[in-house]
Amino acid sequence: MASIYKNIHFSWLLIASLFLPINFLQASEKLEGCFKASQSCEAVRSIRKNTNPGNISLKVGKEYRLVAKNKANAATHYQLIIKGVEPERRWVTLDCGRVLENCSDSSAAPTARRIASDEYLLALSWQPSFCETHKRKLECKTLTSTRFDAGHLVLHGLWPQPRNNAYCGVSIKDKAIDRRKRWDLLKPLKLSTDVTKELAKVMPGYASNLQRHEWIKHGTCYGKNANDYYADALSLTREINASPISALFRDNRGKKISSKQIRLLFDQSFGAGSGNKVNLRCDRKGNIGELWINLKGDIQNDLSLRGLLRKAESTKSRCQTGTVDPA
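In terms of the working numbering, the sequence shown is residues 11 to 337.
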């Protein structure tokens with residue numbers, strides 16, 4: 011009976027697959043960048059049906075936003091955005107032009123707009139835990155038990171919310187570089203001597219150009235320049251490290267502490283209810299990795315952490331108890 015059921019089930023799936031769109035049977039692969047036309051090729055809506063509503067063709071020398079290729083391997087077509095036609099997503103053969111990482115035609119380059127928001131997430135890391143899984147990082151190779159980041163929470167980033175509020179006004183080329191984690195290829199930031207000095211200490215990932223990544227992805231949506239963005243982030247981090255919270259981590263290296271303990275210290279340090287804005291995050295081994303802290307308010311003009319925590323949304327802690335990894 012089970013065998014009959016399996017055969018019927020397989021037959022049903024086979025029949026159903028015949029009615030699926032071709033994209034389901036042969037998945038396309040998303041791409042970013044631009045495509046510069048070298049031939050006046052037809053731009054079809056459907057590769058299989060070869061339909062071309064409006065008889066649209068590419069204009070030689072014009073750049074188009076690149077969306078996808080029809081196959082991950084052995085692709086034959088690129089999908090482009092052709093503005094002003096319906097539908098605007100069209101397929102052209104690979105030999106119709108060449109792919110560009112960056113668009114010289116600004117009209118073809120998509121740039122995210124900053125979402126006006128007064129909500130932020132401050133991500134602070136416990137560096138010894140990070141280095142357990144990233145031992146080849148320069149900042150981890152040089153970590154000692156007496157260095158600042160072995161006994162204090164360190165800055166990962168200050169992230170304007172919501173989550174998709176990222177890469178504001180960033181070129182396709184820089185976005186692609188960032189996503190490949192080639193942060194050394196991103197432009198150096200214009201930071202003051204004081205901010206640079208403190209950032210190198212409080213953000214150990216500075217040694218691996220983490221500051222460039224955080225600026226490109228999150229800082230560009232902050233509404234101020236890179237120096238002010240990091241000055242504000244450092245001020246918030248400084249205030250937390252001046253509280254008993256870092257001492258809780260430092261005094262319990264090699265031991266376990268709970269989300270309840272951390273939240274209680276936040277309440278005592280920054281006002282009742284502050285602890286509910288803190289999400290304790292642990293790795294798979296149970297080591298504490300980060301604190302994700304919700305903030306809300308005019309962070310750029312009022313750096314009162316107490317006020318920013320009071321207005322913020324509460325959050326659940328993903329980890330209830332974790333080990334404080336020693337350096």
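Glycine is no exception: its CB is placed at the ideal position from the N, C-alpha and C atoms.
Using DSSP's beta-bridge definition, name the partner residues of Arg99.
As a working mapping, residue 99 is identified with position 89 in the sequence shown. Looking at the DSSP assignment, Arg99 forms a beta bridge with Ile91.
What are the start and end residues of the beta strand (DSSP E) that includes Trp302?
Taking the sequence shown and counting its residues from 1, one reaches residue 302 at position 292. It spans 298 to 306 - the beta strand (DSSP E) in which Trp302 sits, taken as one unbroken run.
Here's the rule I'm using: 16 or more other beta-carbon atoms within 10 Å means buried, otherwise exposed. How should Gly64 be labelled?
Here residue 64 is taken as the residue at index 54 of the sequence shown, counted from 1. The residue is exposed, with fewer than 16 neighbouring Cβ atoms inside 10 Å.
Measuring straight from C-alpha to C-alpha, what distance separates Arg260 and Trp302?
For the purposes of this step, residue 260 is taken as residue 250 along the sequence shown, with counting starting at 1. For the purposes of this step, residue 302 is taken as residue 292 along the sequence shown, with counting starting at 1. Roughly 18 Å between the two C-alpha positions.
Does any heavy atom of the ligand SAM sit closer than 7 Å to the C-beta of Glu208?
With respect to the ligand SAM, the structure shown offers nothing to examine, as it has no ligands at all.
Just verifying my parser: in three-state terms, what is the DSSP assignment at Val70?
To locate residue 70, count along the sequence shown from 1; it is residue 60. Reduced to three states, the DSSP call for Val70 is coil.
Can you give me the C-alpha to C-alpha distance between Gln310 and Gly229, rounded to a whole angstrom?
By one-based count along the sequence shown, residue 310 stands at place 300. By one-based count along the sequence shown, residue 229 stands at place 219. Going from the Cα of Gln310 to the Cα of Gly229 covers about 13 Å.
Residues bridged to Cys44 (per DSSP)
Along the sequence shown, read from residue 1 onward, the residue named residue 44 stands at position 34. Arg75, Leu110, per the DSSP bridge assignment.
Measure the beta-carbon distance from Arg100 to Arg55 and round it to whole angstroms, keeping in mind my assumption that it falls under 8 Å.
As a working note, residue 100 is residue 90 in the sequence shown. As a working note, residue 55 is residue 45 in the sequence shown. Here Arg100 really is in contact with Arg55; their C-beta atoms are around 6 Å apart, less than 8 Å.
Measuring straight from C-alpha to C-alpha, what distance separates Gln36 and Tyr88?
The count along the sequence shown starts at 1 and reaches residue 36 at position 26. The count along the sequence shown starts at 1 and reaches residue 88 at position 78. Low local confidence applies: a pLDDT of 48 at Gln36 is under 50, so the model's placement there is unreliable, and no value is given.
Which term fits Asn174, buried or exposed, when burial requires 16 or more other beta carbons within 10 angstroms of its beta carbon?
Along the sequence shown, read from residue 1 onward, the residue named residue 174 stands at position 164. Answer is exposed; the Cβ neighbour count stays below 16.
To the nearest angstrom, how far is it from the Cα of Thr154 to the Cα of Leu148?
Position 144 of the sequence shown, counted from the start, is the residue given in the question as residue 154. Position 138 of the sequence shown, counted from the start, is the residue given in the question as residue 148. Straight-line Cα distance between these residues: approximately 12 Å.
Let's see if you can read the secondary structure: which residues bound the beta strand (DSSP E) around Thr333?
Taking the first residue of the sequence shown as position 1, residue 333 is located at position 323. First-last of the beta strand (DSSP E) with Thr333: 331 to 333.
With Arg108 and Leu90 assumed to form a contact (beta carbons below 8 Å), what rounded beta-carbon distance in angstroms separates them?
Stepping through the sequence shown from its first residue, residue 108 is reached at position 98. Stepping through the sequence shown from its first residue, residue 90 is reached at position 80. So it is not a contact: roughly 13 Å between Cβ atoms.
Use the C-beta contact count for Lys295: other C-beta atoms within 10 angstroms, 16 or more gives buried, fewer gives exposed.
On the sequence shown, residue 295 is found 285 positions in, with the first residue counted as 1. Lys295 comes out exposed.
According to DSSP, simplified to helix, strand and coil, what is Ile272?
Against the sequence shown, residue 272 aligns to sequence position 262. Residue state, collapsed to three classes: helix.
CA-to-CA distance, Ala282 to Lys321, given in whole angstroms:
Against the sequence shown, residue 321 aligns to sequence position 311. Against the sequence shown, residue 282 aligns to sequence position 272. Going from the Cα of Lys321 to the Cα of Ala282 covers about 12 Å.
Could I get the ranges of all uninterrupted alpha helix (DSSP H) runs contained in the segment 139 to 182, with 4 residues as the minimum, in chain order?
148 to 151
Is it the case that the Cβ atoms of Cys44 and Glu73 are separated by a distance below 8 Å?
Position 34 of the sequence shown, counted from the start, is the residue given in the question as residue 44. Position 63 of the sequence shown, counted from the start, is the residue given in the question as residue 73. Cβ distance < 8 Å, so Cys44 and Glu73 count as in contact.
Bounding residues of the alpha helix (DSSP H) (the contiguous stretch that carries Val212):
Taking the sequence shown and counting its residues from 1, the one referred to as residue 212 is at position 202. Where Val212 is concerned, the enclosing alpha helix (DSSP H) stretches over 203 to 212.
Assuming the contact rule is C-beta atoms closer than 8 Å, Ile196 and Ala236 should be a hit. Round their C-beta distance to whole Å, please.
The residue you call residue 196 lines up with position 186 of the sequence shown. The residue you call residue 236 lines up with position 226 of the sequence shown. Reading the sequence as shown, one finds Leu at residue 196 and not Ile. Cβ atoms of Leu196 and Ala236 stay farther apart than 8 Å, at about 11 Å.
Residues bridged to Leu134 [DSSP beta-bridge criterion]:
For this step, residue 134 is matched to residue 124 along the sequence shown. Paired residue(s): Leu165, Leu301.
Measuring only the C-alpha atoms, how far is Leu290 from Cys329?
Against the sequence shown, residue 290 aligns to sequence position 280. Against the sequence shown, residue 329 aligns to sequence position 319. Answer to the nearest angstrom: the Cα atoms are 5 Å apart.
Sheet register partners of Thr61 (DSSP bridge):
What you label residue 61 is simply residue 51 of the sequence shown in a count that begins at 1. According to DSSP, which records beta bridges pairwise, Thr61 is partnered with Ser56.
Considering only their Cβ atoms, is the gap separating Glu142 from Asp335 smaller than 8 Å?
Within the sequence shown, residue 335 is the residue found at index 325, counting from 1. Within the sequence shown, residue 142 is the residue found at index 132, counting from 1. A contact, by the Cβ cut-off of 8 Å.
Through-space distance from Lys185 to Asn251, alpha-carbon basis:
As a position in the sequence shown, residue 251 is number 241, starting the count at 1. As a position in the sequence shown, residue 185 is number 175, starting the count at 1. For Asn251 and Lys185, the distance between alpha carbons rounds to 32 Å.
Indicate whether Val164 and Met213 have their beta-carbon atoms separated by less than 8 Å.
Along the sequence shown, one-based indexing puts residue 164 at 154. Along the sequence shown, one-based indexing puts residue 213 at 203. It is a contact, given that the beta carbons lie within the stated cut-off.
Using the C-alpha atoms, what's the distance from Pro170 back to Ser253?
Sequence index remark: in the sequence shown, residue 253 carries index 243 (1-based). Sequence index remark: in the sequence shown, residue 170 carries index 160 (1-based). Distance between the alpha carbons of Ser253 and Pro170 is about 24 Å.
Taking only three categories from DSSP, how would you classify Ile267?
Along the sequence shown, one-based indexing puts residue 267 at 257. Here Ile267 sits in strand by DSSP.
Beta-carbon within less than 6 Å of His166's beta-carbon, same chain only, minus the 5 sequence neighbours each way: which residues are those?
Locating residue 166 in the sequence shown gives position 156, where the first residue counts as 1. Excluding residues within five positions, the ones whose Cβ falls inside 6 Å are Ala133, Ser135.
Using the beta-carbon count (16 or more within 10 Å), is Val77 buried or exposed?
Mapped onto the sequence shown, residue 77 falls at position 67. By the 10 Å Cβ count, Val77 comes out buried.
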